[in-house]
Amino acid sequence: MTDPQIQALRDQVDAVNVEILQALNKRAGLVEQIGARQTELAQSHFDPKRESEMLEKLTNANQGPFSSATVRALFKEIFKASLDLEEKQDKPKLKYSRKAHPQDTSVTVSRGDLSVTFGGGAKVLIAGPCSIESEAQMAQSGAFLAASGVKLMRGGAYKPRTSPYGFQGLGVPGLELGAKTARDHQLLFVAEVMDTRDVDVAAQYADMLQIGTRNAQNFALLKAVGKAGKPVLLKRGMSSTMEEWLLTAEYVLSEGNDQIVLCERGIRTFEKWTRNTLDLSAVAVAKLETHLPVIVDVTHAAGRTDILTPLAKAALAVGADGVHIEVHPDPATALSDNQQQLDFAGFKRFLEDMGPVWG
Ligand code: PEP
Ligand code: MN
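Mapping of the sequence shown onto my numbering: position 260 corresponds to residue 272, and the numbering continues sequentially without gaps.
Laid out in structure tokens, this is it:
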């Protein structure tokens, strides 16, 4: 049996708890209003000067029995919870978020009568050589890819190479070759762009602009492709967290372009037997968090040709909207990524093993 005196005091404590709770939530409601206005004014929610002023006032007003240090510690927790509340309010407003836009976004790549849609239910395949190297290589590639039923051909004219002495790509003549091959074989053309100065010319020739893993946080470039009026294939940075990856999409979205396809291409881990580690959880999480289509680049994830079918099947099983794969007429002589590109026979086998999954 509890002592009646203690019980009576506890009853008062219970009542005070409710008063504190009501006061805290009243405060939280005010803080939310301040937060919303700060968001409108594009002001930061964190204001250390204001926090120290409030602490000063509170310690001056404190009559105990709590010490001033305790009062400060308690109110710092309240300030932290309030800041979290203000920052959380902004989250659903991010344009990439499903909270802001529950329906899937369809991304259409088109030129004339040709068109391919990501995110509309059909699984899309992007295939082609790592680099655009020569007229003969592209003629062979274009004819083969079109005959294989591929609609979106990739090929890099600007190549991000680890060594400055590696093949850097043909530049504008490469873009011209890619566009010509695409025209000759009724293909759509995806090409990487690495420099803000090349965005306009790349957008002139390519039907979709790719941002590679190394430029995933090149914010000037992301803004520039956001303004280029072309769909964007946005690779995940090799060390990007989910948040960083989705915020790269936000850069493009914030320029008014929602035609973005996210592409998981493996992240850097301690593992050496694959070039990168394909992060399929990221695909599943991305499908939950964003309305944008998500595809998987199995080639750059694996860095080898013998596990591409199971990786592609796994990608589609986990909800990816498509697959990206490198194919070259003669991978042994390719000027980039020659370990990981499928030859034509290997690509035919890949298509057979995958079955009729492509839209
Ligand atoms: C590429 O697609 O050719 C490429 C360089 O890919 P990533 O940026 O994913 O390495
Ligand atoms: Mn490559």
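Note that beta-carbon positions come from the ideal geometry of N, C-alpha and C, so glycine has one too.
Only a predicted model underlies this, so the values are computations on that prediction, with no experimental measurement involved.
Candidates the options: closest to residue i by CA position
i           : options               : result
residue 344 : 296, 334 and 316      : 316
residue 373 : 148, 193 and 170      : The chain is shown only over 13 to 371; residue 373 falls outside these bounds and no answer can be derived.
residue 191 : 221, 28 and 160       : 221
residue 266 : 237, 252 and 59       : 237
residue 147 : 193, 184 and 164      : 193
residue 180 : 197, 74, 355 and 347  : 347
residue 141 : 186, 367, 292 and 217 : 186
residue 92  : 318, 63, 138 and 291  : 63
residue 198 : 164, 66 and 210       : 164
residue 274 : 85, 23, 325 and 116   : 116
residue 244 : 250, 234 and 196      : 234
residue 130 : 138, 120 and 139      : 120
residue 211 : 239, 14 and 128       : 239
residue 353 : 229, 139 and 223      : 139
residue 349 : 287, 255, 23 and 371  : 287
residue 41  : 82, 56, 24 and 101    : 101
residue 219 : 213, 229, 201 and 227 : 201
residue 292 : 44, 314 and 151       : 314
residue 358 : 23, 319 and 228       : 319
Environment of residue i [buried if 16+ CB atoms lie within 10 Å]
i           : result
residue 30  : exposed
residue 177 : exposed
residue 167 : buried
residue 144 : buried
residue 295 : buried
residue 89  : exposed
residue 322 : exposed
residue 231 : exposed
residue 225 : buried
residue 302 : buried
residue 247 : buried
residue 157 : buried
residue 61  : exposed
residue 32  : exposed
residue 153 : buried
residue 18  : exposed
residue 189 : buried
residue 149 : buried
residue 25  : exposed
residue 282 : exposed
residue 270 : buried
Near the ligand MN: residue i beta-carbon under 7 Å from a heavy atom
i           : result
residue 145 : no
residue 349 : yes
residue 338 : yes
residue 275 : no
residue 312 : yes
The ligand PEP heavy atom lying under 7 Å from the CB of residue i
i           : result
residue 172 : yes
residue 280 : no
residue 224 : yes
residue 256 : no
residue 309 : yes
residue 178 : no
residue 204 : yes
residue 168 : yes
residue 247 : yes
Any non-hydrogen atom of the ligand FAD within 7 Å of residue i CB
i           : result
residue 186 : Among the ligands present in this structure, namely the ligand PEP and the ligand MN, the ligand FAD is not found.
Examine the Cβ distances between the stretch 104-115 and the stretch 253-266 and report whether three or more of them are shorter than 8 Å.
The stretch 104-115, when compared against the stretch 253-266, does touch it at the 8 Å Cβ threshold.
At what residue ranges does the stretch 156-185 contain a whole run of the beta strand (DSSP E), taking only runs of 3 or more?
Taken in chain order, the unbroken stretches of beta strand (DSSP E) that lie wholly in the stretch 156-185 and span 3 residues or more are 164-166.
Quick test of the definition: if touching needs 3 or more C-beta pairs under 8 Å, does the stretch 340-360 touch the stretch 324-332?
The stretch 340-360 makes no contact with the stretch 324-332, as fewer than three CB pairs between them are under 8 Å.
When you compare the stretch 112-129 with the stretch 80-99, are there three or more beta-carbon pairs, one atom per stretch, that lie closer than 8 Å?
Look at the beta carbons and you see the stretch 112-129 not touching the stretch 80-99: under three pairs across the two are nearer than 8 Å.
Do the stretch 273-285 and the stretch 306-316 make contact, defined as three or more Cβ pairs closer than 8 Å?
Segments in contact, yes.
Taking the runs of the beta strand (DSSP E) that are 3 residues or longer, which of them lie wholly in the stretch 94-148?
Complete beta strand (DSSP E) runs here, min 3: 119-123, 126-130 and 136-140.
Alpha helix (DSSP H) runs contained entirely in the stretch 189-271, provided each spans 4 or more residues
Counting only runs of 4 or more, we get 211-217, 231-238 and 254-265.
Can you list the alpha helix (DSSP H) stretches of 4 or more residues lying completely in the stretch 309-335, in chain order?
Entirely contained in the stretch 309-335, the alpha helix (DSSP H) runs reaching 4 residues are, in chain order, 310-314 and 320-329.
Note down, one range per segment and in chain order, each alpha helix (DSSP H) of at least 4 residues found wholly within the stretch 61-90.
Fully enclosed alpha helix (DSSP H) runs of 4 or longer: not present.
Within the stretch 341-366, note down every full beta strand (DSSP E) run reaching 3 residues or more, in order along the chain.
Listed in chain order, nothing qualifies, since the stretch 341-366 has no complete beta strand (DSSP E) run of 3 or more residues.
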